[in-house]
């Protein structure tokens, strides 16, 4: 569960302060997929970072119950000069996946990413699709309670997106709390239970999805 | 292994391996570079400036001093940009900030260990004998330099988020530090200014202490027990204060990335 308790977030700058959340309170319950939708610059990523704890509220409090697994950028720690194999261990380790899990699951990760035979090549020789598949394949082994996916669906093809949604459903059935940030409203309407709508200068508003 | 230790290991691996992987001989550079550097020193001080050198193994002593200085310089310089240079790591992975300068320190320490193995090989080949109690002097000096490098690195990494000019200032201070420390030559300091000199330049005492393990050097402040006690207390407190500082202003620091 994630609880926003009177959270305000302001970025202070000599060019003018920007407040993206003002005294915002809400409880996000487990077993739900929340979509985060809105134009650029309205605070979706800031909201996600407040959830993960990578930025702190200016005032108020964000309470987290459970382990958070953030995918705010797929393959965030990928190093282009290192091989696919090395990147599996480095990225997996930084996502909090244990080394024993990575060792046991190594072949499954490579197979799921459809990279059998290419895992020893340097990442700079991979296409963007291959990198996205690898990053997502690693992320499946991250063990947590709260998952946040930021625009990861924009990088893959239709088959990749299908795999992602299968995984979201699996996580939901396990009563995990899931946040998906996307610029595609139809996609969120198809898969999210509720959508947080972000608008400039206002707190996000929640809309239930009816199917 | 817990998540923090795994993250620290992975960050260090990424920095160390990523640095050498694109090169033709890769990790071998870690050993080749100090070996060639030492060969250059021997050729210069063994032939070109032979008459100006006061003792036979000046090149080896210079190499040793420079290795420790390079460690301090590398650990602090790479820590300085360790947070500001990795915004993706700070904002998109849930990592405590102190891990980033810590991984820069570990990589610099690893480079030092490998450089010291080259030094040890040459030292033994030259038939030299370390001083009695050399382990205490060497590891004691090294530990003090490491504490200093780590603390300064952590403090620089957060200072750089609020005051980017520190990069240029630190670069200049490092240039000044090479000449202000007993690396290339011994700085002649009047007796009455000794305390001030060793207090202003905290690198000088541990360097002399480490050098005393292998060369005929006496750490000049080792008999001043009052100063030594203060120095050791400060050396122990500095990393604690640095970590306290980075954790206290973590929220504001993250907004600056």
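Residue numbers (our numbering), protein chains in the order written: chain L, 1310 to 1520; chain W, 112 to 368. All residues carry an ideal CB built from backbone N, CA and C; glycine is no exception.
Not one beta carbon of chain W lies nearer than 8 Å to the beta carbon of residue 1448 of chain L. When C-beta distances to chain L are compared with 8 Å, the residues of the segment 126 to 148 of chain W below that value are 128, 129, 132, 133, in chain order.
Within 10 angstroms of the beta-carbon of residue 205 of chain W lie 16 or more other beta-carbons, which makes it buried.
The Cβ neighbour count for residue 159 of chain W, taken over all protein chains shown within 10 Å, is under 16; the residue is labelled exposed.
Closer than 8 Å to the CB of residue 366 of chain W there is at least one CB belonging to chain L. Here the C-alpha atom of residue 243 of chain W lies approximately 26 Å from the C-alpha atom of residue 347 of chain W.
In this structure, the beta-carbon distance from residue 1456 of chain L to residue 1485 of chain L falls below 8 Å.
Contacts between residue 273 of chain W and chain L, judged by CB atoms closer than 9 Å, are missing: the closest CB pair is about 12 Å apart. Shown here, residue 252 of chain W sits in a helix according to DSSP, grouped into three states. Residue 1315 of chain L sits in a strand when the DSSP states are folded into three classes.
Residues of the segment 1376 to 1399 of chain L with a C-beta less than 8 Å from any C-beta of chain W: 1377, 1379, 1381, 1382, 1385, 1386, 1388, 1390, 1391, 1395, 1398, 1399, listed in chain order. In this structure, DSSP gives residue 366 of chain W a helical state, which the three-state scheme calls helix. Here residue 269 of chain W is not bridged, per DSSP, to any residue. Collapsing the DSSP output to three states places residue 1514 of chain L in a strand. Taking a C-beta distance under 8 Å as the contact criterion, residue 1382 of chain L and residue 1459 of chain L qualify as a contact pair. Chain L places a beta carbon closer than 8 Å to that of residue 200 of chain W, counting this residue as a contact.
In this structure the segment 178 to 192 of chain W touches the segment 260 to 272 of chain W; the number of beta carbon pairs closer than 8 Å is three or more. Those residues of the segment 1354 to 1372 of chain L placed with their C-beta closer than 7 Å to a C-beta in chain W are 1358, 1361, 1362, 1363, 1364, 1365, ordered along the chain. Taken in chain order, the unbroken stretches of alpha helix (DSSP H) that lie wholly in the segment 162 to 250 of chain W and span 4 residues or more are 169 to 191, 198 to 203, 210 to 236. Annotation: residue 364 of chain W to residue 277 of chain W spans about 15 Å, alpha carbon to alpha carbon. Annotation for residue 1326 of chain L: 1319 place their beta carbon closer than 6 Å to its own, counting only its chain and skipping 5 residues before and after.
Using a CB distance below 9 Å, the part of the segment 344 to 366 of chain W facing chain L consists of 361, 362, 363, 365, 366, ordered along the chain. Among the residues of chain L, those whose CB is under 8 Å from the CB of residue 120 of chain W are 1402, following chain order.
Between the C-alpha atoms of residue 121 of chain W and residue 308 of chain W there is a straight-line separation of about 40 Å. With contacts defined by Cβ atoms closer than 8 Å, residue 1332 of chain L and residue 1351 of chain L do not form a contacting pair.
Look at the segment 191 to 221 of chain W: the residues with a C-beta under 8 Å from a C-beta of chain L are 199, 200, 201, 202, 203, 204, 205, 206. Going by DSSP, residue 144 of chain W is part of the alpha helix (DSSP H) stretching over 140 to 154. Using a Cβ distance threshold of 8 Å, residue 1390 of chain L and residue 129 of chain W count as a contacting pair. Per DSSP, residue 1351 of chain L lies in no alpha helix (DSSP H) and is assigned neither H nor E. Nearest in C-alpha terms to residue 1496 of chain L, of all of L/1362, L/1380, L/1342, is L/1342. If you draw a 10 Å sphere on the C-beta of residue 217 of chain W, you find 16 or more other C-beta atoms in it, and that means buried. At the C-beta level, residue 194 of chain W and residue 272 of chain W come within 8 Å of one another.
For residue 278 of chain W, the uninterrupted alpha helix (DSSP H) segment begins and ends at 277 to 291.
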